[in-house]
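Student: Sharing a structure, written as structure tokens. Questions coming.
Numbering (our numbering), first residue to last: 1101 to 1417.
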């Protein structure tokens, strides 16, 4: 091997190691945000959002159209933003650090299953998500495992979203309604959506055209909001309640998927009697009350994380 080639290989090796260091080492100029009663990793891995990626001690992702790096040290979040600066209050709002978590947890029912879920999920908060991103993602979630939803979300972002840079790493925004409305069903299927591509495309067109004005729906009552969401292609009761909870902050909304239905039937409807979906919805509304969304998220995450190994392949819906 000649000297020139050896020098070139050494230079390349140094550059590769430097690049890895930039990706894996936490950034130095970090903004500190107080975050008591918060578990960052659990919150991001609890099946609410699907695009954050853990590298080293922190997570890389997007809050709206802002690239963000965030790590946690005790009760402090350390955050770095990408090209577009974001105020710390944007991060605090996204992670719902203003929710009175101690009061919320105290308001939940005290039965053995709920107690176990609440203890397991200490610090888990309901993320405030962008409306379109949340709606589109949960349309894609039907009968999919969490890992598959993550793959779909990343594929949509890389194919139709905008490229951002943070700490030498590429991240991608979630595609706008306009971007997806211009896509073809075939292009969407290439992102792993299968039959869901048709529904996502149809809903994107309604939102892009203004026919479905997601922002104006904030003023609607819970019943009206649920009805409007259920009129969109690919949206049933479960997806509607997810969007209400995660994007419209209707904290009483209680999505019922296969995990939650199993918990409800085994815990609150014992005896093998048949229970209709309507009866189950009425029960959770009355039993779990104004903070039912937190109860649901805790029950869901606890069941998913502690369920039998054979159940881990079940879908989110």
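All C-beta atoms, glycine included, are put in the ideal place defined by N, C-alpha and C.
Evaluate contact between the segment 1253 to 1268 and the segment 1161 to 1178, counting only Cβ atoms and requiring at least three cross-stretch pairs below 8 angstroms.
Tutor: Yes, they touch.
Student: Identify the continuous beta strand (DSSP E) that holds residue 1271 and give its terminal residues.
Tutor: 1269 to 1272 is the span of the beta strand (DSSP E), which, as asked, contains residue 1271.
Student: Would you be able to state if there are at least three C-beta pairs under 8 angstroms between the segment 1211 to 1228 and the segment 1293 to 1300?
Tutor: Not touching, per the Cβ criterion.
Student: Do residue 1212 and residue 1131 come within 8 angstroms of each other at the CB atom, strictly closer than that value?
Tutor: Taking 8 angstroms as the Cβ cut-off, residue 1131 and residue 1212 do not qualify as a contacting pair.
Student: Tell me, to the nearest whole angstrom, how far the beta carbon of residue 1397 is from that of residue 1146; I am working on the premise that it is less than 8 angstroms.
Tutor: Confirmed, about 6 angstroms.
Student: CB-CB under 6 angstroms to residue 1143, same chain, minus the five flanking residues each way: which ones, in chain order?
Tutor: Cβ within range, chain order: 1224, 1225.
Student: Return the chain-ordered list of same chain residues with a C-beta closer than 7 angstroms to the C-beta of residue 1318, the five sequence neighbours on each side being excluded.
Tutor: Here the set comprises 1348.
Student: So, helix, strand or coil for residue 1167, using DSSP?
Tutor: It is a strand residue.
Student: Within 10 angstroms of the Cβ of residue 1338, are there 16 or more other Cβ atoms? Answer buried if so, exposed if not.
Tutor: Under this definition residue 1338 is a buried residue.
Student: For residue 1354 versus residue 1393, is the C-beta spacing smaller than 8 angstroms?
Tutor: Yes, the pair counts as a contact, with Cβ atoms nearer than the cut-off.
Student: Residue ranges of each beta strand (DSSP E) run of no fewer than 3 residues wholly in the segment 1200 to 1272, ordered along the chain?
Tutor: Counting whole runs of 3 or more residues, the segment 1200 to 1272 contains the beta strand (DSSP E) stretches 1263 to 1266, 1269 to 1272.
Student: Determine which residues share a DSSP beta bridge with residue 1161 and list them.
Tutor: Partner(s): 1168.
Student: Jot down the residue ranges of each uninterrupted alpha helix (DSSP H) in the segment 1291 to 1359, minimum 4 residues, whole runs only, in chain order.
Tutor: Those alpha helix (DSSP H) runs which fall completely within the segment 1291 to 1359 and span 4+ residues are 1296 to 1309, 1322 to 1330, 1337 to 1347.
Student: Return yes when the Cβ of residue 1257 is within less than 8 angstroms of the Cβ of residue 1238, no when it is not.
Tutor: Cβ atoms of residue 1238 and residue 1257: not closer than 8 angstroms.
Student: Would you check if the distance between the CB atom of residue 1277 and the CB atom of residue 1388 is smaller than 8 angstroms?
Tutor: Not in contact: residue 1277 and residue 1388 (Cβ atoms no closer than 8 angstroms).
Student: Whose CA, out of 1151, 1289, 1171, 1295, lies closest to the CA of residue 1157?
Tutor: Among 1151, 1289, 1171, 1295, the Cα nearest to that of residue 1157 belongs to 1171.
Student: Alpha carbons only, please: which of 1401, 1252, 1134, 1152 is nearest the one belonging to residue 1229?
Tutor: That would be 1152, whose Cα lies nearest to the Cα of residue 1229.
Student: Using a Cβ-Cβ cutoff of less than 6 angstroms, which residues in the same chain neighbour residue 1167 once the five nearest sequence positions on both sides are dropped?
Tutor: Within the same chain, residue 1167 has close Cβ partners 1182, 1264, 1266, 1271.
Student: If you count every other CB in all the chains shown that lies within 10 Å of the CB of residue 1295, and 16 or more means buried, which is it?
Tutor: Looking at its Cβ environment, which holds fewer than 16 other Cβ atoms inside 10 Å, residue 1295 is exposed.
Student: Take residue 1138 as the anchor and find which of 1247, 1246, 1192 has the nearest alpha-carbon.
Tutor: Nearest C-alpha to residue 1138: 1192.
Student: Give me whichever residues DSSP pairs with residue 1131 in a beta bridge.
Tutor: Answer is 1179.
Student: Near residue 1198, which residues of its chain fall below 8 angstroms by C-beta distance, leaving aside the five closest residues on each side in sequence?
Tutor: These residues qualify, in order along the chain: 1192.
Student: Apart from the five residues just before and just after residue 1134, which ones in its own chain have a Cβ nearer than 7 angstroms to its Cβ?
Tutor: Answer for residue 1134: 1175, 1176, listed in chain order.
Student: Take the Cβ of residue 1330 as the centre, count every other Cβ of all protein chains shown within 10 Å, and call the residue buried at 16 or more, exposed below.
Tutor: Per the 10 Å Cβ criterion, exposed.
Student: Measuring alpha carbon to alpha carbon, tell me which residue in 1169, 1155, 1219 is nearest residue 1406.
Tutor: Per the Cα distances, 1219.
Student: Taking the C-alpha atoms as reference points, what is the distance between residue 1118 and residue 1180?
Tutor: Below a pLDDT of 50, predicted positions are generally treated as unreliable, and residue 1118, at 45, falls in that range; no measurement from the model is reported.
Student: With DSSP run on the structure shown, which of helix, strand or coil describes residue 1282?
Tutor: Correct three-state label for residue 1282: coil.
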